[in-house]
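Chemist: If you read the sequences in order, they're chains A and B.
Quick note: the first sequence, position 124, residue 124 per the UniProt record's numbering, numbers continuous.
Quick note: the second sequence, position 28, residue 28 per the UniProt record's numbering, numbers continuous.
2 protein chains.
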Amino acid sequence: MSIIETVDAEGSEAVSLHQRILSDISEKILSGAWPPGHRIPFEHELTAEYNCSRMTVNKALSQLAKAGLIERRRRSGSFVRRPQSQAAVLEIHDIRIEVEALGLAYRYQRLERLKRRSNAEDRTLLELAASGPVLALKGLHFAGQRPFAHEQRLINLAAVAEAGEEEFLDIAPGPWLIGRVPWSQAEHRIRAIAASDHIADVLDIEAGAPCLVVERRTWSAEHPVTHVRFIYPAESHTLVARFTPSQG
Amino acid sequence: MSIIETVDAEGSEAVSLHQRILSDISEKILSGAWPPGHRIPFEHELTAEYNCSRMTVNKALSQLAKAGLIERRRRSGSFVRRPQSQAAVLEIHDIRIEVEALGLAYRYQRLERLKRRSNAEDRTLLELAASGPVLALKGLHFAGQRPFAHEQRLINLAAVAEAGEEEFLDIAPGPWLIGRVPWSQAEHRIRAIAASDHIADVLDIEAGAPCLVVERRTWSAEHPVTHVRFIYPAESHTLVARFTPSQG
DNA sequence: CCTCTCAATATGTATATACATAATCACCAT
DNA sequence: ATGGTGATTATGTATATACATATTGAGAGG
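(1) Within the 7 Å Cβ cut-off, does I190(A) reach chain B?
(2) Against chain A, with Cβ distances strictly below 7 Å, would T238(B) count as a contact?
(3) Could you give the DSSP three-state label for W34(B): helix, strand or coil?
(4) Between the alpha carbons of L46(B) and N58(B), how many angstroms are there, rounded?
(5) Considering only their Cβ atoms, is the gap separating I21(B) from Y50(B) smaller than 7 Å?
(6) Excluding the 5 residues preceding and the 5 following A186(B) in the sequence, name in chain order all residues of the same chain whose CB lies nearer than 8 Å to its CB.
(7) At which residue ranges does the UniProt domain "HTH gntR-type" (15–83) of chain A contain complete beta strand (DSSP E) runs of 3 or more residues, listed in the order of the chain?
(8) In terms of residues, what are the limits of the alpha helix (DSSP H) holding E151(A)?
(9) Can you give me the Cβ contacts of D122(B) inside the same chain, cut-off strictly under 6 Å, excluding the 5 residues immediately before and after it?
(10) In angstroms with no decimal places, state the Cα-to-Cα distance between Q84(A) and G179(A).
(11) Check each candidate in P173(B), G164(B) and H44(B) and name the one with the smallest Cα separation from Y108(B).
(12) What number of angstroms, rounded off, separates the C-alpha of I193(A) from the C-alpha of E43(A)?
(13) Could you tell me the alpha carbon to alpha carbon distance between H18(A) and A65(A), rounded to whole angstroms?
(14) For the candidate residues A234(B), D170(B) and R39(B), whose alpha-carbon lies nearest to that of R110(B)?
(15) Closest by CA to R229(B), which one among V240(B), C211(B), I205(B) and E235(B)?
(16) In this structure, does DSSP put V99(A) in helix, strand or coil?
(17) Out of V80(A), D201(A), Q63(A) and A149(A), point me to the one whose CA is closest to I29(A)'s CA.
(18) Name the residues in the segment 186–210 of chain A whose C-beta lies less than 9 Å from a C-beta of chain B; which are they?
(19) Going along the chain, which residues of its own chain have a beta-carbon closer than 8 Å to the beta-carbon of A200(B), five neighbours each way excluded?
(20) Taking 7 Å as the threshold (C-beta atoms), are A159(A) and H223(A) in contact?
(21) Between which residues of its own chain and L239(B) is the CB-CB distance below 6 Å, once the five residues before and five after are set aside?
(22) Which residue or residues does DSSP assign as beta-bridge partners of A194(B)?
(23) So is L212(A) in contact with chain B if we call contact Cβ pairs under 7 Å?
(24) Please tell me whether F148(B) and V213(B) are closer than 7 Å, where the distance is taken between their beta carbons.
(25) Starting from T238(B) and walking both ways along the beta strand (DSSP E), at which residues does that stretch end?
(26) When you compare each of I231(A), A120(A) and V202(A) to G132(A) by their alpha carbons, which one comes out closest?
(27) With distance defined between alpha-carbon atoms, name the residue in A130(B), L177(B) and R146(B) nearest to V225(B).
(28) Answer yes or no: does any C-beta atom of chain B fall closer than 7 Å to that of P147(A)?
(29) Can you grab the Cα-Cα spacing for the pair H150(A) / I40(A), in whole Å?
(30) Can you tell me the Cα-Cα spacing of D24(B) and E162(A), whole angstroms?
(31) In its own chain, which residues sit with a C-beta less than 7 Å from the C-beta of A105(A), not counting the 5 before and 5 after it?
(32) Chain A beta carbons: is any one of them nearer than 7 Å to that of A65(B)?
(33) Less than 7 Å between CB atoms is the rule here; does L126(B) satisfy it with respect to chain A?
(34) Can you confirm whether A172(A), when its beta carbon is compared against all beta carbons of chain B, has any partner nearer than 7 Å?
(35) Chain A partners of A234(B), CB-CB under 8 Å?
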């Protein structure tokens, strides 16, 4: 309630108030002190607690909401969100790097390239509202002589027009895109499938053998950029994800 | 370049100014009109262009910076960032929540429970240096009447002594641990396998059918806590990972 | 008892303002 | 030339204020 005359005599670090509110609250949530469903103090209460303006509190809470830790409801307040899910930083390496880390020669080979107007399936995969030009690619990543992964990709040419001029004969579209398009969001879907006859054929495995499928959708500031589906033979691939639960 | 006094006569949607500045700029970046390294107009210029206060512009630019699209430098201005490396936030939900989200009844059932001194394999899985007491558990997660996932877990009793007193007959060890042990690090390994005869039997699927395997190792402040291996029938499970680069 | 309306409330968005801070530039003295 | 010094500039953070908007809850009216 009082003016801030205590100048943080002890562990006085140069942390902004904004940051402190943020970390205080996420700590409470992550530690379980405030379980899912718990109502977070109202903005005006936090205003009093931290002796700051509502704008500062509001900014911090809005950020927590965007991060998915809390849910805000007008007139009701802010609440700790239910999905107390564990978040992990999953690093999906460039396939080339992955292959070369195994001491094998990397090679990419195009199987198919098609420029067309997006059909219904394309629009579903890319989450596109309207029809537009897309580039559909299929290719194989090799580790030494053996196929390592099959890639099936859609590129939204409305978002990345230059991609339409590329042949992608022996350069993989992934690194090409990464080097050109800044992306702001991605979604992965990971699952297991049995190899279809066709996939078994190109990957040189038995039909019905288990495969790991990684699908990735990428957005650059609201705009869908690309959708890609990697299929790995089960033996060749393990995804590794490491996680430290720090909140920014 | 001119002031926007046109009040969006046409597709006038209730979009906040904040949102409009945000999408305008990211569109410019995305389209390549502003390539990496390009200097974004100064806040005071955008203030004039959008005829709004600096705070509004600042908020939008700060958000773009947090999203990793631009980089801000004092005295110099804001610049389009070079594309970043890939990392993804993978959310692994509590199985109960996942099952209940499907509208099915959740149930956990213990298959096996063994308290013993860690053997060589245990120490590998837990990354333990010395031998010590561990709890080895096997159990099934049900969605309705059908098995949803098989769980095989090791708990380091040196780190979580109370776990040794628990039976885990029908409460799953995952939530039990989460509620008790603050964990500071986790590592996931994700891969596909063909169901062994035994796994096929307990999961009620065909032998050789593809399965998704998620292994998680958890540490609490340097101490290994638990290692768990989930096996999901391929049809029942897709991991979804969402990602926004860099957090605030 | 039910519905409709209106006031109260918490959040959402925006403004004007102020001062802090880091980086750069121009200038001056050596 | 060279090195320091201070002014300038753009962003960083915070405040007080205002009004919009969604939602809840209580009370009026049927």
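Ideal Cβ positions, reconstructed from N, Cα and C, are used throughout, including at glycine.
Note that the coordinates shown come from a computational prediction; the quantities given were computed from them, not determined experimentally.
Modeler: Inspection of the coordinates gives the following:
(1) Stepping through the first sequence from its first residue, residue 190(A) is reached at position 190. At least one chain B Cβ lies under 7 Å of I190(A).
(2) On the second sequence, position 238 is the one that residue 238(B) refers to. Closer than 7 Å: yes.
(3) Within the second sequence, numbered from 1, the residue matching residue 34(B) stands at position 34. Judged by DSSP in its simplified three-state form, W34(B) adopts coil rather than helix or strand.
(4) Position 46 of the second sequence, counted from the first residue, corresponds to residue 46(B). Position 58 of the second sequence, counted from the first residue, corresponds to residue 58(B). Roughly 9 Å separates the two Cα atoms.
(5) Working through the second sequence from its first residue, we reach residue 50(B) at position 50. Working through the second sequence from its first residue, we reach residue 21(B) at position 21. Yes, the pair counts as a contact, with Cβ atoms nearer than the cut-off.
(6) By 1-based counting over the second sequence, the position of residue 186(B) is 186. Closer than 8 Å at Cβ, skipping near neighbours: R216, R217, T218 and W219.
(7) Counting only runs of 3 or more, we get 70–73 and 77–80.
(8) One-based indexing of the first sequence puts residue 151(A) at position 151. Careful: E151(A) lies outside any alpha helix (DSSP H), inside the beta strand (DSSP E) at R146 to N156.
(9) In the second sequence, counting from the first residue as 1, residue 122(B) sits at position 122. Here D122(B) has V134 and L154 as same chain residues with Cβ atoms under 6 Å from its own Cβ, once five neighbours each way along the sequence are excluded.
(10) Locating residue 84(A) in the first sequence gives position 84, where the first residue counts as 1. Locating residue 179(A) in the first sequence gives position 179, where the first residue counts as 1. Because the pLDDT at Q84(A) is just 48, under 50, the model does not fix this residue reliably, and the value given afterwards should be weighed accordingly. If you draw a straight line from the Cα of Q84(A) to the Cα of G179(A), it is about 35 Å long.
(11) The count along the second sequence starts at 1 and reaches residue 108(B) at position 108. With distances taken between Cα atoms, Y108(B) lies closest to P173(B).
(12) Counted from its first residue, the first sequence places residue 193(A) at position 193. Counted from its first residue, the first sequence places residue 43(A) at position 43. Taking the straight line joining both Cα atoms gives about 48 Å.
(13) Here residue 18(A) corresponds to residue number 18 of the first sequence, with the count starting at 1. Here residue 65(A) corresponds to residue number 65 of the first sequence, with the count starting at 1. Approximately 14 Å between the Cα atoms of the pair.
(14) Along the second sequence, read from residue 1 onward, the residue named residue 110(B) stands at position 110. If you compare the alpha carbons of A234(B), D170(B) and R39(B) with that of R110(B), the shortest gap goes to D170(B).
(15) The residue you call residue 229(B) lines up with position 229 of the second sequence. The candidate whose alpha carbon is nearest that of R229(B) is C211(B).
(16) Stepping through the first sequence from its first residue, residue 99(A) is reached at position 99. It is helical.
(17) In the first sequence, counting from the first residue as 1, residue 29(A) sits at position 29. When only C-alpha atoms are compared, the closest one is V80(A).
(18) So the list reads A186, E187, H188, R189, I190, R191, A192, I193, A194, A195, G208, A209 and P210, given in the order they occur along the chain.
(19) Looking up residue 200(B) in the second sequence gives position 200. Hits under 8 Å: E206, A207, G208 and A209.
(20) Indexing the first sequence from 1 puts residue 223(A) at position 223. Indexing the first sequence from 1 puts residue 159(A) at position 159. Yes, the pair counts as a contact, with Cβ atoms nearer than the cut-off.
(21) Numbered from 1 along the second sequence, position 239 holds the residue referred to as residue 239(B). The answer is none, since no qualifying residue turns up.
(22) Stepping through the second sequence from its first residue, residue 194(B) is reached at position 194. Residue pairing from DSSP places A194(B) in a beta bridge opposite P210(B).
(23) As a first step, residue 212(A) must be located in the first sequence, where it is residue number 212. So yes, L212(A) belongs to the interface.
(24) Position 148 of the second sequence, counting from 1, holds the residue named residue 148(B). Position 213 of the second sequence, counting from 1, holds the residue named residue 213(B). Not in contact: F148(B) and V213(B) (Cβ atoms no closer than 7 Å).
(25) The residue labelled residue 238(B) in the question sits at position 238 within the second sequence. No residue range can be given for T238(B), since it is assigned to no beta strand (DSSP E) and is classified by DSSP as neither H nor E.
(26) Sequence index remark: in the first sequence, residue 132(A) carries index 132 (1-based). Considering only alpha carbons, the answer is A120(A).
(27) In the second sequence, residue 225(B) corresponds to position 225, counting from 1. Per the C-alpha coordinates, the member of A130(B), L177(B) and R146(B) positioned closest to V225(B) is L177(B).
(28) Taking the first residue of the first sequence as position 1, residue 147(A) is located at position 147. No - not a single Cβ of chain B is within 7 Å of the one on P147(A).
(29) Here residue 150(A) is taken as the residue at index 150 of the first sequence, counted from 1. Here residue 40(A) is taken as the residue at index 40 of the first sequence, counted from 1. Using only the alpha carbons, I get a separation of about 47 Å.
(30) By 1-based counting over the second sequence, the position of residue 24(B) is 24. By 1-based counting over the first sequence, the position of residue 162(A) is 162. About 21 Å.
(31) Locating residue 105(A) in the first sequence gives position 105, counting from the first residue. For A105(A), same chain residues with a beta-carbon under 7 Å away, outside a window of 5 residues either side, are G144 in chain order.
(32) Locating residue 65(B) in the second sequence gives position 65, counting from the first residue. Not an interface residue.
(33) Walking along the second sequence from the start, residue 126(B) turns up at place 126. With 7 Å as the cut-off, L126(B) does not count as an interface residue toward chain A.
(34) The residue you call residue 172(A) lines up with position 172 of the first sequence. It does not; no Cβ of chain B falls within 7 Å.
(35) For this step, residue 234(B) is matched to residue 234 along the second sequence. Under the 8 Å cutoff, chain A gives R191, A192, I193, A194 and P210.
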